[in-house]
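Asker: The numbers in UniProt numbering rise by one with no breaks, and the one at position 123 of the sequence shown is 123.
A single structure is presented below for examination.
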Amino acid sequence: MPENIQPPVVKIIPEKLEKFGNERIDNYFWLNDRENPEVIDYLNKENEYYHKMTAHTKDFQKELFEEMKGRIKEDDESVPYLYNGYYYITRFETGKDYPIYSRKKESLSAKEEIMFDCNELAKGQSYFQLGGLSISPDNKLAVYSTDTIGRRIYTVQVKSLETNEILEDKIEKVTGTAVWANDNHTIFYSSQDEVTLRSDKIFKHKLGSKQADDVLVYFEKDDTYNVEIAKSKSRKYLAIESGSTLTTEYRILNADTPDGKFEIFQKRIRGVEYSINHYKDSFYILTNKDKAENFKLMKTLETATSKENWTEVIPHREDVLLEDIEIFANYLVVEERSNGLNKIRIMPWSGEGEYYLPFESETYTAYTTTNVDFETEILRYGYQSMTTPSSVIDFNMTTKAKEIKKEQQVLGGKFDKNNYKEERVWATAKDGAKIPISMVYRKELKKDGNNPLLQYAYGSYGHSMDVTFSSTRLTLLDRGFIFAIAHIRGGEDLGRQWYEDGKLLKKKNTFTDFIDCSKFLIDQKYTSPKHLYAEGGSAGGLLMGVVVNLAPELYHGIIAQVPFVDVITTMLDDSIPLTTGEYDEWGNPNKKKYYQYMLSYSPYDNVKKQNYPNMYVSTGLHDSQVQYWEPAKWVAKLRTMKMDANVLYLDTNMDAGHGGASGRFEAIKELAKEFSFLLDLEKIKK
């Protein structure tokens, strides 16, 4: 690596922050100002430092990019699905970054109608995202939304699919989600608070009217809740969902009467979550009511929706998490999770002959996909594992015949799934909990402690980290890396209790689980501290921040993507997007016990004088979820405190938000940066 290139020096302006008699000095608080030219100058200097320090890897990054891009089928398309008389298809063309949305009337041999070519819409934009695409019941109009900054603030418009004209209707600074009433004339959409970006309002818009004239249908006063609107699969109901981390409440309206009043389905009760599916004269309700921690399925008539009318369809089970359902005329399909794996259960309404879809692999992911029709015997589901490319499968629930409609193609001619081994092992946490780890590596690998290993995890919000196939990951595997996912507490991988044991005042389990997984992988000679790397993004970036403070000696390198590292200051600032809605996840630091607990692990507050691993930290200037200043302040503080000569990079995308770059190939360029960071540390040059 180059000598004599000095990292930027950030000026120190101490800011005293006090709470509950505890005083914190934040030397870099001033970086919290996107409009300050000195802040932009600092971020640019960090970018310049990163580029100079990694200049020797630039050619290799290009090679890695071309290699990963070369495995992707550029002229790809989705499996068509039939909805309301049209087959809908999303496809990509060679050399183009963005999808094309099209449809064909009644038959796949019919003429293609291109609804949206995002390559055209994205011209002249450094970032582009199409969202909220919804077709009117008469198939003549499409409502859609666009974001050109990456802050998830959308503009909603309407296009005539008959003339290709964009109507004059323009709804600005909203969430991008919009649905049609059944009159083909009324649109409902959600909008967010301008400062916090909390989705808090539902509006009704009539075609041809101005946004200023739109009617406020619902305002969510509680700032720990978000609202959204959707339409039932039956197309009969519009439903407004108010949701916080722990509680939900629905309001419903017959989609034929858009000027009617939304009625509460079941009023909110703190700690009770429910979701609703409509079929015929009834609603099916997935809920944790009555301490059903892993959820149960209940049913009620559409004329009597409050909880005293609910009757049980599938009871609660201690060892099985009920995740979702799909309703068909003759079958109920249930998505479950047990022992950390997805199960798909087929239950005939007749009550006879239920069964589970058979899955062979040791570790895999299976999930239902686009099933828009009640009157069919065909269930469409997806399947993949760490060695099996993603497949879309049509399964006949009566005959049990299955048809693979599409398997992801891996181009380049070198991929053979038989060259790789996937494995699930269990590490023991310090309190005795057994933590699953899913791994993939080349079959010839020897367990001698010399293998580079990239350990990944998330561990928050009950988000289960299901295994996926990745053609880009082959770039690491084929150079001798092991890739491991640690299914730590804070996710829902082993049921709801697994989540409960990794949040609020038990949050530290998330961090110590990850460290215990690392120790296990070292003990079992999969790798060693000289070759172990860790990666996480967003709340997984918080995980990285804690891990490097607690156990820096275990890791040679860390990748922290858009990391949430300034926990206390962020959670005390209720003007920042997402803050108040997060209290049920992290705790409310305006209460002393949560303040003290969060302070004890907050990465930024716990940086100390010690050695740290090599680190690559990435962020986006326009990120609405983890503000850029969190990683910027963290890196600035690390620079003054760390006692080692290891590299520390801050790479800020000045055009993007939380999700990074928007084009499909731009995202691979970001991956090439991360991979070259790891391979450079391993002294792998080709």
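Quick reminder that beta carbons are idealized off the backbone N, C-alpha and C, glycines included.
It should be emphasised that the depicted structure is a prediction, and the values quoted were computed from it without experimental measurement.
With which residues is T652 paired in a DSSP beta bridge?
Answerer: According to DSSP, which records beta bridges pairwise, T652 is partnered with T619.
Asker: Give the secondary structure of I269 by DSSP, where H, G and I count as helix, E and B as strand, and everything else as coil.
Answerer: Correct three-state label for I269: coil.
Asker: Starting from W629, trace the alpha helix (DSSP H) both ways and give me its first and last residue.
Answerer: That run of the alpha helix (DSSP H) goes 629-641.
Asker: Can you give me the Cβ contacts of R496 inside the same chain, cut-off strictly under 7 angstroms, excluding the 5 residues immediately before and after it?
Answerer: Result list for R496: E293, N294, L321, in chain order.
Asker: Going straight from the alpha carbon of D94 to that of S338, what length do you get?
Answerer: The sequence shown places Thr at residue 94, not Asp. Cα to Cα, the separation comes out at about 41 angstroms.
Asker: With contact counted as at least three CB pairs below 8 angstroms, one residue from each stretch, are the region 524-539 and the region 587-605 in contact?
Answerer: With a cut-off of 8 angstroms, the region 587-605 and the region 524-539 do not count as touching, because too few Cβ pairs lie within range.
Asker: Within the same chain, show all residues whose beta-carbon is closer than 6 angstroms to that of V79, passing over the 5 residues directly before and after it, in chain order.
Answerer: Contacts found: V392, K405, K406.
Asker: How many Å lie between K642 and G545 at the Cα?
Answerer: Taking the straight line joining both Cα atoms gives about 13 angstroms.
Asker: Excluding the 5 residues flanking Q524 on each side, which residues of the same chain have their C-beta closer than 8 angstroms to its C-beta?
Answerer: For Q524, where only same-chain residues beyond five positions count, the Cβ hits under 8 angstroms are V425, K447.
Asker: Distance check for V647 and E48, CA to CA, integer angstroms please.
Answerer: Approximately 14 angstroms between the Cα atoms of the pair.
Asker: Counting pairs of beta carbons, one from the region 475-485 and one from the region 315-329, are three or more of them closer than 8 angstroms?
Answerer: No, the region 475-485 is not in contact with the region 315-329.
Asker: Unbroken beta strand (DSSP E) runs of length 3 or more, entirely within the region 144-196: which are they?
Answerer: Those beta strand (DSSP E) runs which fall completely within the region 144-196 and span 3+ residues are 154-160, 166-174, 178-180, 186-192.
Asker: Quick one: give me the first and last residue of the alpha helix (DSSP H) that M465 is part of.
Answerer: Taken as a continuous stretch (DSSP letters only), M465 belongs to no alpha helix (DSSP H), as it is neither H nor E.
Asker: Given a cut-off of 9 angstroms, decide if L599 and F60 are closer than it, judged by their beta-carbon atoms.
Answerer: Not in contact: F60 and L599 (Cβ atoms no closer than 9 angstroms).
Asker: What residue ranges within the region 271-354 form continuous beta strand (DSSP E) runs of no fewer than 3 residues, ordered along the chain?
Answerer: Counting only runs of 3 or more, we get 274-279, 282-287, 296-301, 311-314, 321-327, 331-338, 341-348.
Asker: Go to K111, then tell me how far its beta strand (DSSP E) extends in each direction, as first and last residue.
Answerer: Premise fails: K111 is in no beta strand (DSSP E) and is neither H nor E.
Asker: Let me check understanding here. Comparing Cα to Cα, which of A672, R664, V313 lies closest to G74?
Answerer: At residue 74 the sequence reads Glu, which differs from the Gly that was named. The option with the nearest alpha carbon to E74 is R664.
Asker: Ordered along the chain, which non-local residues of its own chain (more than five positions away) have a Cβ less than 8 angstroms from that of K506?
Answerer: If we look at K506 and ignore the five residues flanking it on each side, its Cβ neighbours are R489, E500.
Asker: Distance, Cα to Cα, K633 vs E38?
Answerer: K633 and E38: Cα-Cα distance of roughly 14 angstroms.
Asker: Per DSSP, what kind of secondary structure is I668 in: helix, strand or coil?
Answerer: In this structure, I668 counts as helix in the three-state DSSP scheme.
Asker: How would you label S460, buried or exposed, when you count the other beta carbons within 10 angstroms and need 16 or more for buried?
Answerer: S460 comes out buried.
Asker: Which of the three DSSP states is assigned to A429 in this structure?
Answerer: A429: coil per DSSP, three-state reduction.
Asker: Quick one, which of E326, C517, D605, P258 has its alpha-carbon nearest A181's?
Answerer: The residue with the shortest Cα to Cα distance from A181 is P258.
Asker: Rounded to whole angstroms, what is the Cα-Cα separation between G243 and Q6?
Answerer: The straight-line gap from Cα to Cα measures roughly 48 angstroms.
Asker: How big is the Cα-Cα spacing for residue 690 and R473?
Answerer: Since the first residue shown for the chain is 1 and the last is 686, residue 690 is missing from the structure and cannot be characterised.
Asker: Measuring alpha carbon to alpha carbon, tell me which residue in Q408, S385, K519, I378 is nearest D394.
Answerer: For the residues Q408, S385, K519, I378, the minimum Cα distance to D394 belongs to I378.
Asker: Along the chain, where does the alpha helix (DSSP H) that runs through E38 open and close?
Answerer: From DSSP, the alpha helix (DSSP H) with E38 extends over 37-53.
Asker: Taking 9 angstroms as the threshold (C-beta atoms), are K289 and K307 in contact?
Answerer: Yes. Within cutoff.
Asker: Do A427 and L454 have their C-beta atoms closer together than 9 angstroms?
Answerer: No. Outside cutoff.
Asker: Output the distance between the C-alpha atoms of W349 and T399, rounded to the nearest integer angstrom.
Answerer: When rounded, the distance between both Cα atoms is 16 angstroms.
Asker: Spell out the partners DSSP gives A486 in its beta bridges.
Answerer: According to DSSP, which records beta bridges pairwise, A486 is partnered with I437.
Asker: Nearest by alpha-carbon distance to S471: which of K206, T363, L671, A401 is it?
Answerer: Nearest C-alpha to S471: L671.
Asker: Runs of 3 residues minimum, wholly inside the region 496-582: which ones carry the beta strand (DSSP E) assignment?
Answerer: 532-537, 557-561, all fully within the region 496-582.
Asker: Between the alpha carbons of V410 and G85, how many angstroms are there, rounded?
Answerer: Each residue's Cα considered, the two are about 33 angstroms apart.
Asker: For A110, count the other beta carbons within 10 Å of its own beta carbon; 16 or more makes it buried, fewer makes it exposed. Which is it?
Answerer: Under this definition A110 is an exposed residue.
Asker: Out of curiosity, what's the CA-to-CA distance linking T90 and D644?
Answerer: Approximately 49 angstroms between the Cα atoms of the pair.
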